[in-house]
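Positions -25 to -1, 1 to 511 (mature numbering (1 follows the signal peptide of the UniProt record, and there is no 0)) are the ones given, in order, by the sequence shown.
Glycine included, C-beta positions come from ideal geometry on N, C-alpha and C.
Accompanying notes for the structure given below.
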Amino acid sequence: MRRKPSILLSSAALLLAAGAGDALASAPRPAASAPSFLDGGRRVAVERLGPAARNASGGALSPLRLRYPDGRTVHASVGATAIVKVEPGAEGELAGAGLEVVRPLMPSIGLWLVRDTGGGDGLDVAERLQGAARPAFLREAIPDLHVRLEARGAPFTPDDPRLPGQWYFDDLRMEEAWGRTRGDAATSIVVVDTGCDLDHPDLAAKMDPGLDVIDGDDDPTYLPGAEGVNHGTACAGLIAADTDNGVGIAGGCPECRLRCVRLLDEEPQPISASVDAFEFALEVNAAVVSNSWGYAEPMPVPRVVEDAINRLFDAGRDGKGALVLFAAGNDGREIRDDEIQAARGVLNVGAVNHLEEETPFTNRGSSLDLVAPTGTLSTDIAGREGDSPDDYTSLFGGTSSACPVAAGVAALLVSAAPERTAGELYDILIRTARPAPFALPDERGHDPIFGYGIIDPVAALGEVLGDEPPPEPSEPPEGGGEDEPSGCACAAAGAPSGERRGLAVAALLGLAAAARGRRVTSRARPARDVTRAAGA
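Put into structure tokens, the structure is as follows:
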């Protein structure tokens, strides 16, 4: 059984200093001797666990334990930097507050990375700026904490030689969807992950320039030899692998373009790196941003990270907004409403298996939006670095694979209706999702395990293009050819294939829909996310 990748990333848990005076006053401060800071009105107590030590990059990091008001604890570390959010145009006043600007993070919303000219670390900066002498131009200030991130992969052991096939194309009726659109080269998808194999034969022709936010350069190639480094390559292949080229697999959005961002690594990295990733997606006008990662220790999303996601959702893609997808995670637990998957502007994606049943690992809760198939064949790092010698893997599963499957569908929808806003497209994906046959939805049509249903590209495209089907569905893009892995077939283990399987699922769906006595398209719009105002 393949181990779940344990990729670390000290994602600067930018635990924000609240910008409003009442937020500062509303959160009780611990004893004077205990350091603390505010993150979106939450008072986070901090325990210093020992002296600073050098990391692999030569920087000094001090180990910390964070304690949130609800009792959650998170291990982190802090270096010399902090993240501040200032009033528009006020960055010139930072020097007067004893701060040196290291670099801009997302200047369009006032986010800057700073250090203390007096020599204190990032926690010292946040405490000082949140004190009585808080500058009037300051909205937020948090230490640039290093916390563990993990890729959202899951253990997966094939038990049938036919499993390594793209069976989810049948489940989602992708051939019919491709008859409406195969995407558009103007639709750009950013994959934030471990980096990618930029020379892979099924990806090289689809790649546009990306970013390595760890090394600070424009080469997002995976780090050779690190555990789980195939993760980003597999995500990219599911979204938009080169299609109709007689090689390997087909991607969900065949004509769309890809950009990779390397954010995950074995070495801890600051959370400011995730803001850098979202700023890159903003700069390149990404239409869809796929994130198959999350915090290893469940914690509230840092306010400045949520602000960056909000900016992407509201103002990305030349002002129409980008669809930001996150994998729900694979801990088999409840998702809290303050986690990154539940943030405003995020499409939270869970996983179902080939029988459209719940998977034992998928996280659940009121913030889960949609589910998509998992356990799919995808691109692998070419050569010995990959999971398989034939450049493709059938070992990619978990919500990590469900998220890029959904991202490919989202990219098709953007391509078909580029004039629609991200909020409108988000609603369409929710509204047109088809009921999961084993869901027990509430009065809003939501189930904590299956969300609002299984993502449905045909129904979503029908809403923006009209319900009339095309005269003739297009031929399925050729994935296979000589380089197709041996034993590849578009059916999962134990599942009927082709027409028999389609009829079986259709019957289940019909019975489930009849039992509920409602149409999928009458589903109530979720109260969370897009209707909530963005953070100041």
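According to DSSP, residues forming a beta bridge with residue i
| i | result |
| --- | --- |
| residue 163 | 232 |
| residue 12 | 19 |
| residue 52 | 38 and 121 |
| residue 324 | 302 and 345 |
| residue 192 | 187 |
| residue 87 | 59 and 79 |
| residue 29 | 35 |
| residue 429 | 346 and 409 |
| residue 245 | 121 |
| residue 220 | DSSP lists no partner for residue 220. |
| residue 210 | For residue 210, which the question treats as bridged, DSSP gives no partner whatsoever. |
| residue 150 | Looking at the DSSP assignment, residue 150 forms no beta bridge with any residue, so it has no partner. |
| residue 422 | 426 |
CB of residue i within 9 Å of CB of residue j, strictly
| i | j | result |
| --- | --- | --- |
| residue 164 | residue 262 | yes |
| residue 347 | residue 429 | yes |
| residue 380 | residue 178 | no |
| residue 18 | residue 38 | no |
| residue 144 | residue 225 | yes |
| residue 431 | residue 408 | yes |
| residue 36 | residue 52 | yes |
| residue 433 | residue 155 | yes |
| residue 377 | residue 320 | no |
| residue 299 | residue 264 | yes |
| residue 206 | residue 168 | yes |
| residue 312 | residue 237 | no |
| residue 257 | residue 83 | yes |
| residue 427 | residue 412 | no |
| residue 122 | residue 22 | no |
| residue 308 | residue 266 | no |
| residue 54 | residue 71 | no |
| residue 383 | residue 111 | no |
| residue 103 | residue 91 | yes |
| residue 328 | residue 345 | no |
Residues of its chain near residue i, where Cβ-Cβ distance is below 8 Å and the 5 sequence neighbours each way are ignored
| i | result |
| --- | --- |
| residue 485 | At residue 485 the pLDDT is 34, less than 50, meaning the model places this residue with poor confidence; the figure from the coordinates comes in the next sentence. Closer than 8 Å at the Cβ level, and outside the excluded window around residue 485, lies no residue. |
| residue 160 | 230, 231 and 232 |
| residue 250 | -14, -12, 58, 80, 81, 86, 279, 280 and 283 |
| residue 89 | 56, 57, 58, 59, 69, 74, 75, 76, 77 and 100 |
| residue 396 | 295 and 296 |
| residue 480 | Summary for residue 480: the model assigns pLDDT 30, below 50, so the residue's position carries little reliability; its value from the coordinates is reported in the next sentence. So the list reads 146, 331 and 412, once near-sequence residues are dropped. |
| residue 357 | 172, 174, 175, 176 and 366 |
| residue 158 | 215, 228, 229, 230, 231, 386, 387 and 390 |
Spatial neighbours of residue i in its chain, beta-carbon cut-off 6 Å, leaving aside the 5 residues before and after
| i | result |
| --- | --- |
| residue 146 | 348 |
| residue 183 | 232 and 234 |
| residue 253 | 283 and 287 |
| residue 333 | 424 |
| residue 108 | none |
| residue 403 | 435 and 438 |
| residue 42 | 20 and 48 |
| residue 217 | 177, 180 and 181 |
Proximity test, Cβ basis, 9 Å: residue i and chain C
| i | result |
| --- | --- |
| residue 201 | Structure shown: chain C not included; a single protein chain is present. |
Among the options, nearest to residue i - alpha-carbon criterion
| i | options | result |
| --- | --- | --- |
| residue 229 | 56, 401, 390 and 241 | 390 |
| residue 314 | 329, 334 and 268 | 268 |
| residue 194 | 185, 201, 259 and 382 | 185 |
| residue 317 | 290, 333, 292 and 274 | 274 |
| residue 14 | 153, 334, 246 and 116 | 116 |
| residue 222 | 400, 354 and 103 | 354 |
| residue 375 | 75, 187, 46 and 208 | 208 |
| residue 40 | 25, 67 and 140 | 25 |
| residue 176 | 94, 394, 330 and 220 | 220 |
| residue 198 | 16, 239, 410 and 68 | 239 |
| residue 49 | 308, 270 and 153 | 270 |
| residue 352 | 291, 196, 367 and 341 | 367 |
| residue 166 | 148, 152, 158 and 211 | 211 |
| residue 369 | 170, 126 and 140 | 140 |
| residue 392 | 304, 360 and 292 | 292 |
| residue 385 | 151, 259 and 436 | 436 |
| residue 529 | 329, 372, 358 and 323 | What the structure shows of the chain is the stretch from -25 to 511, and residue 529 is not part of that stretch, so it cannot be assessed. |
| residue 191 | 9, 170 and 204 | 170 |
Close beta carbons around residue i, own chain, < 7 Å, minus the five adjacent residues each side
| i | result |
| --- | --- |
| residue 85 | 60, 61, 62, 63 and 114 |
| residue 93 | 73 |
| residue 494 | With a pLDDT of only 28 at residue 494, under the threshold of 50, the placement of this residue in the model should not be trusted; the figure read from the coordinates follows. None. |
| residue 340 | 309, 310 and 423 |
| residue 27 | 35, 36 and 37 |
| residue 96 | 37, 53, 54 and 55 |
| residue 66 | 76 and 87 |
Could I get the ranges of all uninterrupted beta strand (DSSP E) runs contained in the region 335 to 416, with 3 residues as the minimum, in chain order? DSSP runs (the beta strand (DSSP E)) wholly in the region 335 to 416: 345 to 348, 351 to 354 and 367 to 371.
Return the chain-ordered ranges of every alpha helix (DSSP H) run that is complete within the region 245 to 286 and spans a minimum of 4 residues. Within the region 245 to 286, the runs of alpha helix (DSSP H) that reach at least 4 residues and sit entirely inside it are, in chain order, 247 to 258.
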